[in-house]
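Quick note: numbering that gives the first Met the number 0 has the sequence shown finishing at residue 128, numbered continuously throughout. Ideal Cβ placement from N, Cα and C applies to all residues, glycine included. Heads up, the thing below is written out as structure tokens.
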Amino acid sequence: MIKKSAEGLVLGIRLTTKAEVFKALEPVQDPEHPISITDPRMAIVTEDYIEVEDGTIRVQFKPTVPYCPMGGLIGILIRHKLEEVYPDADVKVELLPGSHSQEEAVNSMISDNAKYQNVVQQLKQRNML
């Protein structure tokens, strides 16, 4: 059972906070640079871009440039990591509004389950996940 808490959200008996979600994303690296997406130099994800409420973890991210060709892949890597760490949560990942020139297409790639699963399968076949 999921219970709402002022601190964050309870998944099973484990409390999840924005800080814990942020920490869980530390291993995720920018595909073009060997730097974590949570590193302040990249600022792709900050704690301010994370919401935890009522069984849902929502993360927005900001690519390093508005035409970033890896924007969709970054979002898929974020979603995959969060679904791995928080399998009972409803995970939602999207671009920070106005941060990418192809915002609608990138968000569709991340949120559409068929597109998402297709990319995840390809990444696994290439030993990238």
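Residue j beta carbon less than 8 Å from that of residue i
i	j	result
Y66	L95	no
D89	T37	no
P26	I43	no
Q59	E93	yes
V84	V51	no
Counted within 10 angstroms of its Cβ, other Cβ atoms place residue i as buried (16 or more) or exposed
i	result
D29	buried
S98	buried
R78	buried
Three-state secondary structure assigned by DSSP to residue i
i	result
I73	helix
Residue interval of the alpha helix (DSSP H) (run including residue i)
i	result
L122	112 to 124
8 Å Cβ shell around residue i - same chain, five flanking residues per side excluded
i	result
M69	D29, P30, E31, P62
S110	K91, V92, E93
Contacts around residue i, its chain only, beta-carbon distance under 7 Å, and the 5 residues preceding and following it disregarded
i	result
N106	E93, L94
For residue i, the first and last residue of its enclosing beta strand (DSSP E)
i	result
K91	89 to 94
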